[in-house]
Each structure stands twice: as C-alpha cells, then as structure tokens.
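Residue numbers (our numbering), protein chains in the order written: chain A, 22 to 934; chain B, 50 to 220.
Just so you know, even glycine gets a beta-carbon here, dropped at the ideal spot from N, CA and C.
A quick write-up on the structure given underneath.
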Ligand code: SF4
Ligand code: SF4
Ligand code: SF4
Ligand code: SF4
Ligand code: FES
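Structural data, given as structure tokens:
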C-alpha cells in the first residue's frame, strides 16, 4: 500500500495501479472514456486529466492523464484544480463537436457514459456553429445496431473487439476527424462477443438491436439479479422487463465468473421468454385428441388423480433449477426420479463431478482461467459450447508474453504499450479436437483426431508428465510429436490448465483430461482442471443423482411404471426417436411441465405452464460446482408458476398432504439443504425473503420508474398494488432505500451522477475487484489431495476406421445447439441448417462429388437426407453434424453411419427411415 | 344599529359595481395559448407524428400518469406504439411539455374534460394525436438527429456535412 495525497488529504492506495483506478476506487468522480476496467488504459481520449504536483511547494503542477500514470508513494494530486476542471470541460467539448445530440432517439440515452461525463464536466452549451461530420452506418447483423455519427473516437470498441476478444472482422478506418469504427463492409459481426460492444461503447454508436423493437429506457426497466441459462458457465446477468415482457439482458458483474462481459448466446437468447411457443395455460388432452386450455383446478385434479392411480415416475432436467428437480424428486420418490439425460450424457456429467471431487486438482472459475499460463484443450470447441470460457482462455494466452512486459518494468495495464511489446506473441495454448475450432488462431499446436485418439493423447500427456500415470500403448508418431512438447510446456508452466467437456460424448476424454491434470498436480504444478458443462444445471442434476432415461424406459417396459411426469425437459432431445415413441406408447399418462411448446409437450396428456428463468427463482450449479441464485425479474403470467410450486400443488392434489410442503422459496431451499449434505450452504447464498434494509425490501424498479399511474390504466383506473413477492427480499416496485443491497440481490447498477454501467465502480471494493460484500455464489466442491495416484486406468484402443463407414461426431454451434436460445428470434436467424461435413479426401473416396451434394446418412436406424459441406480440417473417417439441431437432436453421438449419394427428389433433412 | 345600516348601504352600492362573473358556458374567457390544459400530441409539417417515444415526458411526470411503448418502422423511425395519459391523475404541471425534445407533447387551453366514469379520463394515442403542429411551428426533430429515416439519409439533415468517405485519401 502507498500513500497519495488528493487535495492534500492522505489516502492509502494499492501499489502498481494507475491514478485513475486509485481515484475511482477511493470514490472520487474523475471523468474518463477510453479506460475500461477490463480493457485497461490507452490514453486516447484525454478526458481523465488531473493535476499532479511535484511536492507540497509546487503550486503550478502538471496536467497528466490519470489513466496512464502509475501511483507513486507520496504523490500529490488535485482533481478539482481549476485548470484541470477547465481542461476536462474543453476536452469533452472537442469530443462532442460532431456529436448529433440526438439522445431522444438514442438507445443509450439514460444510461450513457457520455451523458454522465458531459454533466460531470459541466459542458452545457454547444458553441461551434460549423456543420457536423456524418458517417454511413453498417448493418452488423441481428444483434448490434450501428450509428456512427455518435462516435467520440475513444477506441474502446476496437480494443475490446480485436484486442480483448480476438475479433478479426472489425477495425478502425479513415483518418483525422473522419475515423470510422466498423467492418470493412456491412455484414454480421463474427465474434461471439459482439454484443458486448453495446456495453463497452460509452456512447450510442453500438446499441442492442433486439431491444430496439420494444425499446425501453434503463429507468423504466424492472430488473433483478439472474443467471444465464444458455450454457453451463453460469454467467451473471441482469435481465430487464417492462409491460410484462422481457426486453433485454445485460451483464451482471461477478469478478469470479463472467467479469464484465457476456457471450451473444447469453445476451440475445432471452427472447424465448417472449416466444409465441410459450405455454401460458394448463392444457388437457380432450376426447377428440386435441390439447385444449383448461382451468388450473381441472388440470391439477387430473394430474393428482393420475399420480395417485398410476405408478408414477418423474423425469427432471439439467436445465431446471435445483429446487425444481428436488421438488419433483420428493413428489415421486427418490427411486422413481430420473435426471432426464441419456445414459451417455448422464454418465459424462457424473464423470465430471467425480473427477472434480475425487482428484487432487482444483477446478477453475472463469476468472482463474485468466490467470493460467498454459492451456490444453482436449476435444472441446469452447467458443461454441461455453463461449465465455474461450474468452477467458484468450486472456490466459497473454500471460506468458506479459512476463516480458513486467521484466521491462512496464505496467501491464498500459495496454497499448504492453501490446506493442508482446506483438503477436501468444502464450502456449494447445488444441486437440476432431476438427477446426474457433480458437485455433491462438493455438501453438493443433492435433486433430477421432474422440478416442483425443482421449489417448490426454492419457499419453499424463504419462509423459508423470511416469506413474498409466501408459498408452501404440501411440502413433504424429500423436507423440504433439503430446511430447505439450507435456514439456505444461511441465514448465506455472499454472497449467487442462480443459475438456461433454460435447464429444466421451467419458474416456473426461478421464483423460483428469489424468493429465492430476499428473501435473503430482508433478508439483499448481495445475487446474476445467470441464465445460452442457446445460445450466448439468452439475446440479448430477449432484441430485437419479437414473438416466434408459433406466426410466426400462422401468416402463417392465410395467413398474405407467405414468410419467416430465419437468422442463424435452425428452426428444435426450433420446432417439424410437425410444421416445416407445416411452410415449408405454406410458398411460404423460404430464409435461414446461414453458415452451416442444415435442414432449405436444404429445403429453396434460401440460402445465412453467415459469422461465425470468419469472422464477432458483439455484443453478455451474460447470465448476458453483451454486448461484437467480431471481424473478417479472411476475409470471397469470396461470404460470414456478415448476417447484407446481410440484407443491401436485403434492396436495395427489393426496400427499393438506398443504404444500414448500409454501415459499426459502422453505424448499431449506428442505433441499437438510436432505443433501452437499447443498448445506445453498440457503446462505443470498439473504432470505425476510431480509429488509431499514425495514424495506429491495426495489426491482429504479426510483425514476415512470408511468406507475398509467401503466395499467387501460384495464383499470384503480391502480392495483404491485404483485407481492413472497419468495425473495426483492419487490416489484420502486420501494427501498438508497443503500447498496447485498451483492446477491443487486438488481441494477446506478449511483448518483452515474447512470451508465460505469456506476458499477461504486459497488466494488476497488474498480475491477469484487463487489463490496463479496461476489455472490459459492463453489460447493473441493479437490481431495490424494497420497496415492488416483489415475484412471482406462484403456482406450486407437480409433479404428471401418470400411465404408464414418464416425459421425457432433459439432456444436453457439447458435442452434442450445434449445432455449434457438427459440429466440435474433439467435434463430444465425442457426445453421442441418448439414454433414466431411473432409475432401473422405468425400472423394466415398464418391461424393463436392460441397452441396445431397447425400443420405444412415445412422442409428434412420436415414437422413442432408447436404454436404467439405471441411478439410476434419480428421479422417469422421463426419460432423450440427449437435442439437433437427434432425440430430436426441441422437447419442459419436456413432457409426454410412453415407450414400441421395437419389433425386425427396425431402431434405427428413427423419423418416 | 349604525353598523347594520352601513352594511346594508355597502351591499346596495355593490349593485352598481362592475360585474366579473362570466356566464359560463354561454360566455367563455380568453385563455392564452400557454394555458396548461388538456394535453395533445402534435405532428410535424409533413404530417408525421412528432413523438419519437423517448420516454422523457413519462420520466418527468411527477405523478407518473404517462405510459408509452416505443417501436420503430422499417426505416428506423422511432414512434410510440401506444401512448396513454391518465388524466384522472394529471396535475397539469406542464413538466411533460418542458421535457419533450420534439415539441410533440403540448398542453392546450382546453380544460373541459369532465367525465362520469374515471376510465373516460384515460386517453390513448388516438385521443391525443392532433393533425397540426400545435403552438410550436416549424420544428422537425428528425432533421437534427443522427438517425436516417425514410426520405432523409446520412448527411441530409440540418447543418450536416455529406458522409465521410472512409476510403478517401484526400485530407
Ligand atoms: S464507436 Fe463507441 S467505443 Fe468505438 S470509438 Fe466510437 S465512441 Fe468509442
Ligand atoms: S458463456 Fe454460457 S453462461 Fe455465459 S453468457 Fe454465454 S451462454 Fe450464458
Ligand atoms: S402535465 Fe404534469 S402531471 Fe400531467 S402528464 Fe404532464 S408532467 Fe404529468
Ligand atoms: S418527451 Fe416528447 S418525444 Fe419524448 S416520448 Fe414524450 S412526447 Fe414523445
Ligand atoms: S481515460 Fe485517460 S485518456 Fe481516456
């Protein structure tokens, strides 16, 4: 710690940071533009000037840009020095010379950093009379709108998009006062993180296109703390609602998880909540076979009777909250509860959980990934399956080059200088995958092979690092020439990281990654092990246990069950068509509880409308075993309620008791914690519903929320009270104190004078650091230091080609492979069509002329007509198909299939056999 | 006794004073255009809705009686999908008019808004929107805004230079 003097008062600040960070962390308001807590300093905007004095005698001082000056012990500065104040007001006047001043039609208005800074510096009158410069905008795709006239040339967008996130299709064009930020030509932004431009740009150049059609100002949004449900990383989000509709999702800061950013799947996937596929009424199958809306009581009575009469089983879901799955498990009994994944998927989730708990290597949060200095990716295309993990790995790739920067005594946060020193050096990242991945550009070495061979690579590396780890026989030369240097580099690294995941459907791969990580730990490295997870609660479902869908089907076949209660799950996505049909035909009664219409709800006898993540509260366990709480953002529509609440009502309807055992959310959390030792800390994740600040709840609506007396006036002029929320300490109103809520309950970031996201600075212990009372969420699992080698002794035989056959492997797509986001209109427009990818040599050998040819793929008893894509990166004898996209949903891949040229005519992509 | 007579005399004198009572509704007083009565939404000269659905009036309204929803046409022009004022709550303070950057929302000298039922005091956009410019003439916000709309491209607004050619090399 150092002492600096601001306005002659001493303050203690951390060494090694810059003056701007120090001032902001101390709570001073210094205006700034180009500095960003995650993207660091560049000194481009000249807005953050302060006076620095040589000593107590120096009265003139020097104007310096605080974001590029390191703090020094005894430093004396002034923020309020008249010259500094004047300078800053003039700088903003220059920046605004060409600004169109069109805040009323600008979607940034009301949460605009430029507005805030303009007010802060006191520049109130535009004096220049010259005509304003204009720019032509570009169409940047379905996510981001572009309005270049509002640009103030701070370069944040380019520095985020290209430098931080590695995008290549964006840049700065032109020169002098005409510099232009955009693409070489109109077109969809290719980065998975393009949506962050909306938050990163301090002005309204980049705004949220999904919001534009139902635009709402920040001060009118009802917001709450939530968690992204579109992959297993559990990024923290702040969704916002107005007029009973979800309108946008912004990132919620969590220094351990997603930091300042989100991926585009997470940001734009929310529109499924507003989809016309929503189920808003209980539905009951009628005599004529149709599903018709019925009253709640009728539906409950029907399901209650079915549960009482029949031998019921319950099928939970990896995308439902812990509480929902737990309530279902209680309702049907543990031995009749199934976790709702195929045997393959559920074995993988269990293997992941096992590896994280049993071995000596700790897992990582996304933030810790950024601190690793060598990474091996084993089989997982992270930018498509867990995008933010890819962004974190990109930051990790800078750690070794940054050592040179430190050696030269240049602070790492002097971003431009640091990047000039490191040039295009990249730290060691190694990728072993079935084909090209979106991170390949970072890789020092790439190995492409079939899943089994990838697992063997992992095992081989483990053995090379620690000779006591099981050896891999018959390792081919090319594999060895990959594995050997990887092992050497990982051994030399300070904090090596092994990344794998469930996407290739291989338990052996999970085990191989664990072996490699454990070997590194045994070799004395501070190694880390990270697995992506497919669904937002995959790990939570695995912790709760329960059989897989094959076991459920067995039970139905044996006649020990005849009634199936399915909660927030589309079984068709987890089982092949034949099994799905068999399950439906065996079950006398199928009850589905879900929020979107899907194959299972269409075939059910009774459908109960479930609340989405935005209308419910719950706990999710992310890929590292971190339990995180999400809360309602808006009250569920009339007939809709949380799935766990339906379970409580079914408890009563099926005659299990007089009242629901879980009258409110805290009750079910308590029940969960008392039954499972692993969940004992879940109730402490956030304050209970009885929590009050100065006797008041925490308002989900800002104190400037407008239209209270007109919002519902078209229905009634009697202004009904806002809906009660018995489940949390948050209220659907503007009530509350100006005090900062506990971090798990922060509904939005706002501070006096800071309407933009930058208000977050006021909620952190130090800028960029954790929130005041710690980041919400808690990791529930810990590694076990083993005296003995815990290695898996899996013997994986080398991948053997089969004549005339292809091993069909799943390729995941950020847009499309995850079902909920795929139901969101902007995301749906980017989902790929079904295809089959082959490498050129294989295609030629199979007599396929070239790309776009129609072929018939025979796979697991089905014949699918598809068009061919040639992918030269695909390993030999593999065929890749898009995972989770019709007609491939529900198929356990990899699987062997044959390909033949399609006869003329016929339907494309059909599932008929 | 004397005071009683004096009072009677004064009342008698008042009979000859000038009368102020207006025989409303047969007779009406002149109200200046700045009178703060019934609120309207105006259109610009070309007949387009002036309101750009910026929510500033709603935010300024101390009683929260304005609710609107923004949407935009295919050319990017923002306008309110619905616009509702609950006049049973309005205090005719005029803050909405002060806040409006487009002169769309204006208070008028009409105060005759009695209803037998309170729901009748809830005015929707079709009740509020008039055909003319109201009291503020010749202002078209979109001519000074950055966004392009139908019939106004980049650089065609007021006080604007033609768009920069980013590929040009001339200074
Ligand atoms: S577009 Fe936004 S982020 Fe980029 S330079 Fe302009 S103002 Fe800065
Ligand atoms: S990385 Fe995953 S959890 Fe994070 S925003 Fe994207 S989809 Fe959501
Ligand atoms: S006049 Fe005042 S009370 Fe009435 S709508 Fe306008 S701001 Fe609200
Ligand atoms: S302030 Fe004016 S332009 Fe903005 S929403 Fe209200 S009426 Fe429309
Ligand atoms: S923030 Fe310091 S120069 Fe831009």
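Chain B contact for residue i (CB, 8 Å cutoff)
i	result
residue 137(A)	no
residue 724(A)	no
residue 217(A)	no
residue 728(A)	yes
residue 934(A)	Unreliable positioning characterises residue 934(A) in this predicted model, as indicated by a pLDDT of 37, which lies under 50. The coordinate reading is nonetheless provided below. No, residue 934(A) does not count as interfacial toward chain B.
residue 931(A)	Note on residue 931(A): pLDDT 44, under 50, position unreliable in the model; the coordinate value appears next. No, because no Cβ of chain B sits closer than 8 Å to the Cβ of residue 931(A).
residue 157(A)	yes
residue 769(A)	no
residue 195(A)	yes
residue 292(A)	no
Of the residues the options, the one placed nearest residue i, counting alpha carbons only
i	options	result
residue 102(A)	70(A), 898(A), 763(A) and 846(A)	70(A)
residue 616(A)	355(A), 739(A), 303(A) and 878(A)	303(A)
residue 461(A)	477(A), 411(A) and 478(A)	411(A)
residue 925(A)	908(A), 886(A) and 913(A)	886(A)
residue 909(A)	434(A), 598(A), 422(A) and 520(A)	598(A)
residue 854(A)	847(A), 472(A), 862(A) and 889(A)	889(A)
residue 654(A)	691(A), 563(A) and 769(A)	769(A)
residue 637(A)	663(A), 686(A), 207(A) and 646(A)	663(A)
residue 831(A)	348(A), 134(A) and 907(A)	907(A)
residue 658(A)	252(A), 166(A), 227(A) and 262(A)	262(A)
residue 935(A)	121(A), 341(A), 202(A) and 27(A)	For residue 935(A) there is no data in the structure shown, the boundaries of chain A being 22 and 934.
residue 266(A)	297(A), 683(A) and 446(A)	297(A)
residue 804(A)	766(A), 912(A) and 548(A)	548(A)
residue 289(A)	83(A), 219(A) and 894(A)	219(A)
CB-CB length for residue i against residue j, believed under 8 Å
i	j	result
residue 592(A)	residue 334(A)	With a Cβ gap of about 12 Å, residue 592(A) and residue 334(A) do not count as contacting.
residue 727(A)	residue 110(B)	7 Å
residue 976(A)	residue 137(A)	Examination of residue 976(A) is not possible in this model, given that chain A is present from 22 through 934 alone.
residue 276(A)	residue 837(A)	Residue 276(A) to residue 837(A), Cβ: 31 Å. No contact.
residue 177(A)	residue 57(A)	6 Å
residue 1008(A)	residue 522(A)	A query on residue 1008(A) cannot be resolved here, the shown segment of chain A reaching from 22 to 934 and no further.
residue 40(A)	residue 92(A)	6 Å
residue 360(A)	residue 565(A)	7 Å
residue 792(A)	residue 274(A)	7 Å
residue 850(A)	residue 251(A)	That belief does not hold up - the Cβ atoms of residue 850(A) and residue 251(A) are roughly 16 Å apart, past 8 Å.
CB contact check: residue i to chain A, cutoff 8 Å
i	result
residue 209(B)	yes
residue 215(B)	yes
residue 167(B)	yes
residue 138(B)	yes
residue 220(B)	yes
residue 143(B)	no
residue 95(B)	no
Residue i: CB within 7 Å of a non-hydrogen atom of ligand 6
i	result
residue 65(A)	Inclusion of ligand 6 in the displayed structure is not the case, the ligand content consisting of ligand 1, ligand 2, ligand 3, ligand 4 and ligand 5 alone.
Within chain D, the residues that residue i reaches when beta carbons sit closer than 9 Å
i	result
residue 236(A)	No chain D is part of this structure, whose protein chains are labelled A and B.
Completely contained alpha helix (DSSP H) runs for the segment 499-562 of chain A, where each covers 4 or more residues: Residue ranges of uninterrupted alpha helix (DSSP H) with 4 or more members, entirely inside the segment 499-562 of chain A and ordered along the chain, are 528-543.
Any beta strand (DSSP E) of 3 or more consecutive residues that is wholly inside the segment 426-480 of chain A: Look at the segment 426-480 of chain A and you find these whole runs of beta strand (DSSP E), each 3 residues long or longer: 450-454 and 466-469.
Cβ contact check for the segment 876-886 of chain A and the segment 186-206 of chain A: 3 or more pairs under 8 Å: Two segments are said to touch when three or more pairs of C-beta atoms, one from each, lie closer than 8 Å; by this definition the segment 876-886 of chain A does not touch the segment 186-206 of chain A.
Completely contained beta strand (DSSP E) runs for the segment 882-910 of chain A, where each covers 3 or more residues: If only uninterrupted beta strand (DSSP E) runs of at least 3 residues are considered, those enclosed by the segment 882-910 of chain A are 883-891 and 899-903.
Touching by the beta-carbon criterion (3+ pairs, under 8 Å), the segment 639-652 of chain A and the segment 304-312 of chain A: No, the segment 639-652 of chain A is not in contact with the segment 304-312 of chain A.
Cβ pair count under 8 Å reaching 3, the segment 55-73 of chain B against the segment 853-870 of chain A: Verdict: no, contact absent.
Contiguous alpha helix (DSSP H) assignments of at least 4 residues, all confined to the segment 295-330 of chain A: Runs of the alpha helix (DSSP H) inside the segment 295-330 of chain A: 317-330.
Uninterrupted alpha helix (DSSP H) stretches inside the segment 243-269 of chain A (no shorter than 4 residues): Counting whole runs of 4 or more residues, the segment 243-269 of chain A contains no alpha helix (DSSP H) stretch at all.
Inter-stretch contact at 8 Å, needing at least 3 Cβ pairs: the segment 202-213 of chain A / the segment 507-521 of chain A: No, they do not touch.
Completely contained beta strand (DSSP E) runs for the segment 93-164 of chain A, where each covers 3 or more residues: Restricting attention to beta strand (DSSP E) runs no shorter than 3 residues, the segment 93-164 of chain A encloses them at 97-99 and 153-155, ordered along the chain.
Every unbroken beta strand (DSSP E) inside the segment 583-654 of chain A [3 residues or more]: Here the runs fully enclosed are 584-588, 610-615, 627-630, 639-642 and 647-651.
Segment contact, 8 Å Cβ cut-off, at least three pairs: the segment 98-107 of chain B with the segment 120-134 of chain B: The segment 98-107 of chain B, when compared against the segment 120-134 of chain B, does touch it at the 8 Å Cβ threshold.
Contact between the segment 86-95 of chain B and the segment 144-153 of chain B (3+ Cβ pairs under 8 Å): Touching, per the Cβ criterion.
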